[in-house]
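**Student:** Going letter by letter, the sequence shown gives residues 2 to 140 in my numbering.
Heads up, the beta-carbon is just placed ideally off N, CA and C, and yes, glycines get one too.
Pasting a structure here, questions to come.
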Amino acid sequence: MSCQPILESAIKSNGLRMTRQRALVLEALRRFSEPATVGQILRAVRKENPSFDESSVYRTLRLFGRLRLVAVIDAGGGPRRWQHLAGQEASPRLVCTRCGHAVPVRGSGLDHALRAAAQAAGYEIDPTNARLPWICPVC
2 MSCQPILESA IKSNGLRMTR QRALVLEALR RFSEPATVGQ ILRAVRKENP
52 SFDESSVYRT LRLFGRLRLV AVIDAGGGPR RWQHLAGQEA SPRLVCTRCG
102 HAVPVRGSGL DHALRAAAQA AGYEIDPTNA RLPWICPVC
């Protein structure tokens, strides 16, 4: 299934142009089953467009983050990883501080508690960039 309709709608509703570069980055992200680093995304995009550069990937990911098309996972010590949201709402994540493995908490009691606490304090959670540090069972 193509991400083109989601991308096109989000881009155009924000007064921006639809570009091939944006579509390539989003399609590359969609193909990863796990969150991907900029390097992984760049390698995937270069299969279609060998001249694509790293700064274009970063700019595109920042734009997609503002449009809530992707979530960023920052484990604190390693490279940031990015995940396509596939039209679904982003969720805060438990992120292992040792290996970077991330688990979304969408729909769990923890998710509801975080949202309730944020609302009570007058805050809004940015679910595209919300992380809770932990140590996973493997580590």
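What does the Cβ neighbour count give for residue 16, buried or exposed, with the cut at 16 atoms within 10 Å?
**Tutor:** Counting of Cβ neighbours within 10 angstroms places residue 16 among the exposed residues, the total staying below 16.
**Student:** Along the chain, where does the beta strand (DSSP E) containing residue 95 start, and where does it finish?
**Tutor:** Boundaries of the beta strand (DSSP E) around residue 95: 94-97.
**Student:** What's the C-alpha gap between residue 56 and residue 68?
**Tutor:** 18 Å
**Student:** Once the 5 residues before and after residue 29 are set aside, which same chain residues still bring their CB inside 6 Å of it?
**Tutor:** 42, 45 and 46
**Student:** In three-state terms, what does DSSP make of residue 81?
**Tutor:** coil
**Student:** Only counting runs of 4 or more residues, tell me where the alpha helix (DSSP H) segments fall wholly within the segment 26-63, in order along the chain.
**Tutor:** 39-47
**Student:** Round the Cβ separation of residue 49 and residue 25 to the nearest angstrom and send it over; I've been treating them as touching at under 8 Å.
**Tutor:** 6 Å
**Student:** Determine the closest residue to residue 37 out of 64, 103, 60 and 124, with distance taken between C-alpha atoms.
**Tutor:** 103
**Student:** Can you tell me which of the three DSSP states residue 114 falls into?
**Tutor:** Under the three-state reduction of DSSP output, residue 114 falls in the helix class.
**Student:** Report the CB separation of residue 132 from residue 93 in whole angstroms; it is logged as a contact under 8 Å.
**Tutor:** The beta-carbon separation of residue 132 and residue 93, rounded to 7 Å, stays under the 8 Å limit for a contact.
**Student:** Candidates 85, 66, 130 and 140: which alpha carbon is nearest residue 99's?
**Tutor:** Among 85, 66, 130 and 140, the Cα nearest to that of residue 99 is on 140.
**Student:** Roughly how many whole angstroms lie between the Cα atoms of residue 95 and residue 124?
**Tutor:** Each residue's alpha carbon lies about 19 Å from the other.
**Student:** Whole angstroms is fine: what's the gap from residue 134's alpha carbon to residue 74's?
**Tutor:** 11 Å
**Student:** When you compare each of 18, 71, 82 and 14 to residue 101 by their alpha carbons, which one comes out closest?
**Tutor:** Relative to the Cα of residue 101, the nearest Cα in the group 18, 71, 82 and 14 belongs to 82.
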